[in-house]
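One structure is given below, encoded as structure tokens.
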Amino acid sequence: MNQPVGLRIHGGCSSSIFRKSLRLYSDSEFDYPLFTDRPSTLAHKRLILRSGGNDYKYSLLTDAFMQKMVRHLPVATQANRAAVVFLNGEYWGVHTLDERYDKYYFNKLYRVATDSLDLLTLSLGIEVDEGDQTTYDAFYNYFANNNPVNYTYVKTLMDVENFTDYYIAEIFSSNTDWPHNNQVLWRKRVTPGTPTNHYGNDGRWRWALKDMDYGLGLMNQSNHNTLATATDNGVFGGYTRYLRRLLDIDEFKVYFINRFADLLNTTFNPTRTSAMLTEMKNEYSPAMQEHFTRWPEGNTYQGWLTNVEKIRTFIQQRPDFVREHIRNKFGLPANYNLTLGVSNTEQGYIKINTIELVPSTAGVSQNPYPWTGSYFQGNPIKVTARSRVGYKFMHWKEANTIISTDSVYTIASLNSARSLEAVFASDAVIKVTPTPYALAQCDYRMESWSSSATAGTYPPHMQFVHMSTEDPTLVATVADTVLGLYNHTSRTRLNGLNENGFPLLTLVLIIPIQGIYLVV
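When we follow our numbering, the leftmost residue of the sequence shown carries the number 2, and every step to the right adds one.
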């Protein structure tokens, strides 16, 4: 990437340090896929070279690590990567290259038009970054003037799932520069509750994660009771009112406790988070010796390694301390392990509360069963058995005894460690034709097709074929290979898009091609 950019100093208190954070502006867009956890076709207009904020001389990566840890949750986060910076040819040390929250970010990721965004930051007051605060004032005043609040109505004003995960992430991290500071809220400027096909376009308020530098042990030990801070009605009570009002509602309280337990068992599972920290440590480490030679600031490379390991200690110890804080806050007697299994993983799986116990869920292993999680005595837990196509749920079994034939089973209170198994069987009524094939078991797998492949070629080990009828049924047969052009720059064609697969591009005059299939 080699292009002119605009440049300005970025940040609040951290702008006073010598190695400042920098904001980058492009007249058009940055013409390079900068972040591996974003689509390669996603172009950015503004970026941040972040110094590490308040963590600038300790680990530099606290905020970046926390953002990556919860990237999969329904909370806006900033993609990031380590970067070595030179200014006018002078070595300027290690920064983190971040996305920036602005109208272009929410346009690219959430399809909110740049002139249709309300974007606010709560920082000992309200800072309006985009739009205005009229709708926010009404939202705030509803919570201020109503106790209790109407939960059904509240859910039309705010995305409760987003809010819950955001607060859980902040509480887990023990971020002490919050909640009076660094709260980012956004909404599309439409009437709240407007039907939409796109997430984030319904006019409800949502939260975005920002500036986590005072978390993960920088200012507090892993036993810090951030839940108490997040529900305190003292000098910052106006910033904690949303959570306090919602926790007065039994339905939300049960959801909040279970969602926290679910994420402690998965997203914040120390095995997962420790592995992620090692990966990020390895990303930054090669550049850190030279960085601290340039910017000693009371630290060294060995000191940096020690600080990273302090983060590791924090994330390993934090789940048990947070469970203790939850028990104390809500008067719950104890935690017990709940172990879940299935009779056959090819026939079905289990959902517990808000999480599906499948390999694609963050924090769940490739071979999930038997799976064990820690849950709270006194808070009802719901487990759901889900059968796969061609199979049916039979019953729940505990200690070789059938305890329920309902696929949804509720444990009113987990009073001791328990072990349940969901039993599935073949469903003779459902005949699946053709038999589903697990593509992962195939010897060949299409992971990419080079955008620079020779014109007229097929992807390796593949052909494009068309069927014997325009709207093929299960009995349709392959008629022939598609005789169109491959990887050309004009006419109807199929082009490689690297890891993004390939598009079928047609002329304005569309000639129907009978159902195209891929044959390995």
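Heads up, the beta-carbon is just placed ideally off N, CA and C, and yes, glycines get one too. Nothing here was measured: the structure is a model prediction, and the numbers come from that model.
Around the C-beta of L8, fewer than 16 other C-beta atoms lie within 10 Å, and the residue is accordingly described as exposed.
Of the other Cβ atoms in all chains shown, 16 or more fall within 10 Å of the Cβ of N182; this residue is therefore buried. The stretch 300–384 is shown to contain whole beta strand (DSSP E) runs of 3 or more residues at 336–343, 349–353, 372–377, in chain order. Exposure of A400 is indicated by the presence of fewer than 16 other C-beta atoms within 10 angstroms of its C-beta. Note on the stretch 143–190: whole alpha helix (DSSP H) runs with a minimum of 4 residues are 152–158, 161–174, in chain order. A contact between stretches requires three or more CB pairs, one per stretch, nearer than 8 angstroms, and the stretch 113–123 meets this requirement with the stretch 183–202. A direct Cα-to-Cα measurement between R72 and E291 gives close to 30 angstroms. For T482, the enclosing beta strand (DSSP E) starts and ends at 479–482.
In the structure shown, I18 falls within a coil segment according to DSSP collapsed to helix, strand and coil. Where M395 is concerned, the enclosing beta strand (DSSP E) starts and stops at 392–399. Collapsing the DSSP output to three states places S52 in coil.
By the Cβ rule, the stretch 239–251 counts as touching the stretch 132–148, because three or more pairs are nearer than 8 angstroms.
Excluding five sequence positions before and after S388, the CB atoms of its chain that fall closer than 7 angstroms to its own CB belong to Q348, G349, F394, F425, given in chain order. Between M277 and M70, the C-beta spacing is below 8 angstroms.
Distance from I258 to P149 at the Cβ level is roughly 18 angstroms; contact not present, criterion being Cβ atoms closer than 8 angstroms.
Boundaries of the beta strand (DSSP E) around R207: 207–209.
In the DSSP annotation of this structure, the continuous segment of the beta strand (DSSP E) that includes A84 starts and ends at 81–88.
Note on geometry: alpha-carbon atoms of S344 and N336 lie some 26 angstroms from one another. Under DSSP, R24 takes part in a beta bridge, and its partners are R9, I49. A direct Cα-Cα distance of roughly 12 angstroms separates Y459 from S453. If you ignore the 5 residues before and after P371, its C-beta comes within less than 7 angstroms of the C-beta of T340, L341, G342, all in its own chain and listed in chain order. When C-alpha distances from N338 are compared across S286, I412, F315, the shortest belongs to I412. Separation of W179 and Q303 (C-alpha to C-alpha, rounded to the nearest whole angstrom) is 30 angstroms. For secondary structure counted as the alpha helix (DSSP H) over 4 or more consecutive residues, the stretch 85–138 holds these complete runs in sequence order: 104–111. Residues of the same chain with their beta carbon placed closer than 6 angstroms to that of T42 are lacking, with the five preceding and five following residues left out of the count.
Considering only V323, N226, T197, M463, the residue with the shortest C-alpha distance to V113 is T197.
Between L23 and L61 a beta carbon distance of about 15 angstroms is seen, past the 8 angstroms cut, so the two are scored as non-contacting. Put simply, the stretch 123–130 does not touch the stretch 73–90. Fewer than three CB pairs are less than 8 angstroms apart. The alpha carbon of S427 has as its nearest neighbour, out of E471, S469, T346, the alpha carbon of T346. Burial check for E252: the Cβ neighbour count within 10 Å stays below 16, so the residue is exposed. Listed in chain order, the non-local C-beta contacts of N308 below 7 angstroms within the same chain comprise Y59, S60, local neighbours out to five positions each way being set aside. Taking 8 angstroms as the cut-off, the beta carbon of G201 is found closer than this to the beta carbon of Y111. Distance from W450 to L421 at the Cβ level is roughly 45 angstroms; contact not present, criterion being Cβ atoms closer than 8 angstroms.
When only Cα atoms are considered, H11 and Y141 end up about 29 angstroms apart. Scanning S17, H326, E298, L217 for the CA closest to the CA of T274 turns up L217. Burial is judged here by how many other beta carbons sit within 10 angstroms of a residue's own beta carbon; V155 has at least 16 and is buried.
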